[in-house]
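Student: Here the sequence shown stands for residues 93 to 350, numbered as in this note's numbering.
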Amino acid sequence: MRRLFVAGNWKMNTNLASGKELAKAVAAEATRLGDVIDVAVCPPFPYLASVKTELQGSKVKLGAQNVWFAAPGAFTGETAVEMLTDVGCSWVILGHSERRQILGEKDELINKKIAAATSEDLGVIFCIGELLEDRQAARTEAVLETQLAGGLANLDAAVMGQIVIAYEPVWAIGTGVTASPEQAEGAHAFIRGWLTKQYGAKVADGVRILYGGSVKADNAEILLSQPNVDGALVGGASLTAAQFGPILQAAAKCAAAG
Ligand code: PGA
93 MRRLFVAGNW KMNTNLASGK ELAKAVAAEA TRLGDVIDVA VCPPFPYLAS VKTELQGSKV
153 KLGAQNVWFA APGAFTGETA VEMLTDVGCS WVILGHSERR QILGEKDELI NKKIAAATSE
213 DLGVIFCIGE LLEDRQAART EAVLETQLAG GLANLDAAVM GQIVIAYEPV WAIGTGVTAS
273 PEQAEGAHAF IRGWLTKQYG AKVADGVRIL YGGSVKADNA EILLSQPNVD GALVGGASLT
333 AAQFGPILQA AAKCAAAG
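So, in structure tokens, the structure goes:
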């Protein structure tokens, strides 16, 4: 069975004090639950190093929300892969719909970033997902296929161990509307099928596919019980220990249930 992975995407939220406090609370809860699931928090850039300090002694990993693909140099405002690993990041979120839509990131750029991250020791949480109009027009699978093929272009099976896919239907992000367990499972099974075609069953079976989009304490368990849902990427509900803790507990319960 794939080990469940729950990551908190803090987006552009918290400040130094509240970020540290939240990290400490997540670390305490993860330690209390035991080493049964993987947990990560992804704070804004300025807080990465301080949050890392709060996570010390726990198994909670640190993730960033973006990276640039080139080696350190003249790229004002950008951050290199080795800078992230230097401050203790294990993960980076790439392909998030907010970056695709608000910052105009295209599959080709996302692909370069994924290649750069995986060429070093940085894991990638690679986000894909369809817009509401895509789903309504029955284009969900076509969109997922385009984003997968574009984002993973020229990446061979060897790096797939460093990549986690996050299926995040755009209509479910921050809206309070969650995909039904059937919708999530359908999309995840499609993604795994695509990975199987591309990389073979052995590799595809090992890739974790997280669900993201209004995951909350009261829907986490049913979503995480789906056979192809291997964790969650949580935005809004990762911003307080009171909401994130029960999601971690739901994941630990699902892990125990096998
Ligand atoms: P949400 O965000 O949980 O607030 O819907 C998820 C995400 O964008 O990663």
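The C-beta atom is built at its ideal place from N, Cα and C for all residues, glycine as well.
Which same chain residues end up closer than 6 Å to C219 when comparing Cβ atoms and leaving out the 5 residues on each side of it in sequence?
Tutor: Only G187, H188, A258, E260 meet the Cβ criterion.
Student: Report the residue ranges of all alpha helix (DSSP H) runs contained in full by the stretch 136-160; include only those spanning at least 4 residues, in chain order.
Tutor: Whole alpha helix (DSSP H) segments, 4+ residues: 140-147.
Student: Identify whether G165 lies in helix, strand or coil by the three-state DSSP scheme.
Tutor: G165 falls in the coil class under three-state DSSP.
Student: Could you work out which residue in A347, K308, A234 is closest to I265 when comparing CA atoms only?
Tutor: The shortest Cα separation from I265 among A347, K308, A234 belongs to K308.
Student: Exposed or buried, what is L194 when buried is set at 16 or more other beta-carbons lying within 10 Å of its beta-carbon?
Tutor: A quick correction: the sequence has Ile, not Leu, at residue 194. Result: exposed.
Student: Compute the Euclidean distance between the alpha carbons of D127 and Q148, then round it to the nearest angstrom.
Tutor: D127 and Q148: Cα-Cα distance of roughly 15 Å.
Student: Report the three-state DSSP secondary structure of N101 (helix, strand or coil).
Tutor: DSSP places N101 in strand when its eight states are reduced to three.
Student: Is the beta carbon of L356 less than 9 Å from the beta carbon of A99?
Tutor: Outside the displayed span of the chain (93 to 350) sits residue 356, for which this structure offers no information.
Student: Would K289 be called buried (16 or more neighbouring beta carbons within 10 Å of its own) or exposed?
Tutor: Looking at its Cβ environment, which holds fewer than 16 other Cβ atoms inside 10 Å, K289 is exposed.
Student: Could you spell out the range, first to last residue, of the beta strand (DSSP E) harbouring S182?
Tutor: Looking at the DSSP string, the run of the beta strand (DSSP E) that includes S182 is 181-186.
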